[in-house]
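Sequential numbering of the sequence shown, starting at 1, is according to full-length UniProt numbering.
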Amino acid sequence: MFSNMPRAHYDEELAHHQEGVLDILQRAGIQVQWNDNDGGCKGACDRVPHQNVTDLKLSGQCIDGECYDEVLFHNLENYIDNLQQDGIIVLHTIGSHGPTYYNRYPAQFKQFTPPATPTRFRAAPSSSSPIPTIIRFCMSIMWSTKR
1 MFSNMPRAHY
11 DEELAHHQEG
21 VLDILQRAGI
31 QVQWNDNDGG
41 CKGACDRVPH
51 QNVTDLKLSG
61 QCIDGECYDE
71 VLFHNLENYI
81 DNLQQDGIIV
91 LHTIGSHGPT
101 YYNRYPAQFK
111 QFTPPATPTR
121 FRAAPSSSSP
131 IPTIIRFCMS
141 IMWSTKR
């Protein structure tokens, strides 16, 4: 997404010797900031200011080393208020990567439960049912887009 190379012909070594879109924006005088909540930028932000917001370990926002994407907004208004020039902020969300969808939203945000099925139609319990996973995925999307 930040490289001019198509995925099928991506060359990591070559990419390290080329400017990406963030480098070009920065060179054009735009203040660039990359805030990361998904384990790193894979080189896309190596030459621009960046912060791994997971390292902030904000109380109530993180579970087992993973944080809700809401941490990306921590101090963001202050950062924007203090911009001295045009700027761009990349918010690299953990989003809805599986399988730990249930870690992407707080328990109090749980809004859906599996649909009730009349007893006579209820199938035997199965761990392969996609319904719980689909529900958790939907809640993770709703939480990510609630702002």
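Quick reminder that beta carbons are idealized off the backbone N, C-alpha and C, glycines included. Remember, predicted model here, so these are calculated numbers, not experimental data.
- With 16 as the cutoff for other CB atoms within 10 Å, does GLN33 come out buried or exposed? Your numbering for residue 33 matches position 33 in the sequence shown. With a threshold of 16 other beta carbon atoms within 10 Å, GLN33 meets it and is buried.
- Query: Quick one: any contact between the segment 33-50 and the segment 61-78, if contact means 3 or more CB pairs under 8 Å?
  - Reply: With the rule of 3 Cβ pairs closer than 8 Å, the segment 33-50 counts as touching the segment 61-78.
- Query: If you draw a straight line from the C-alpha of LYS42 to the C-alpha of PHE112, how long is it?
  - Reply: Taking the sequence shown and counting its residues from 1, the one referred to as residue 42 is at position 42. Taking the sequence shown and counting its residues from 1, the one referred to as residue 112 is at position 112. Distance between the alpha carbons of LYS42 and PHE112: 35 Å.
- Is the segment 18-26 touching the segment 51-67, taking contact as three or more C-beta pairs under 8 Å? Flag = no, the segment 18-26 and the segment 51-67 do not touch.
- Task: Over the uninterrupted beta strand (DSSP E) stretch that includes ILE89, give me the two end residues.
- Result: Within the sequence shown, residue 89 is the residue found at index 89, counting from 1. Membership of ILE89 in the beta strand (DSSP E) is indicated by the continuous run 87-92.
- From LEU14 to MET139, what does the alpha carbon distance come to, in whole angstroms? Within the sequence shown, numbered from 1, the residue matching residue 14 stands at position 14. Within the sequence shown, numbered from 1, the residue matching residue 139 stands at position 139. Cα-Cα distance, rounded: 39 Å.
- Item | Boundaries (first-last residue) of the beta strand (DSSP E) holding ASP81 | Indexing the sequence shown from 1 puts residue 81 at position 81. Looking at the DSSP string, ASP81 is not in any beta strand (DSSP E); the run it does join, the alpha helix (DSSP H), is 76-81.
- Message: With a threshold of 6 Å on Cβ separation, who are the neighbours of CYS45 within its own chain once the five nearest residues in sequence on each side are excluded?
- Response: Reading the sequence shown from its first residue, position 45 is the one you call residue 45. These residues qualify, in order along the chain: TRP34.
- Message: Here's a check: name, in chain order, each residue in its chain whose Cβ is nearer than 8 Å to the Cβ of GLN85, leaving out the five neighbours to either side.
- Response: Counting from one through the sequence shown, the residue named residue 85 turns up at place 85. Here GLN85 has GLY29, ILE30, GLN31 as same chain residues with Cβ atoms under 8 Å from its own Cβ, once five neighbours each way along the sequence are excluded.
- Item | Spatially closest choice to LEU72 from LEU91, ASP81, ASN82, CYS62, by CA coordinates | For the purposes of this step, residue 72 is taken as the residue at position 72 of the sequence shown. Taking only the C-alpha atoms, the option nearest LEU72 is LEU91.
- Message: I'd like the list of long-range same chain contacts for VAL21, defined as Cβ closer than 7 Å, with 5 residues on each side in sequence excluded.
- Response: By 1-based counting over the sequence shown, the position of residue 21 is 21. Cβ-Cβ distances below 7 Å link VAL21 to PHE2 in the same chain, with the five nearest sequence neighbours on each side left out; the list follows chain order.
- Message: By the DSSP assignment, the alpha helix (DSSP H) with VAL21 in it spans what residues?
- Response: Walking along the sequence shown from the start, residue 21 turns up at place 21. Unbroken alpha helix (DSSP H) run through VAL21: 21-27.
- At which residues does the beta strand (DSSP E) containing ASN35 begin and terminate? Here residue 35 corresponds to residue number 35 of the sequence shown, with the count starting at 1. The continuous beta strand (DSSP E) containing ASN35 extends over residues 31-36.
- Span of the beta strand (DSSP E), counted from its first residue to its last, around ASN52: Position 52 of the sequence shown, counting from 1, holds the residue named residue 52. Element bounds for ASN52: 50-52.
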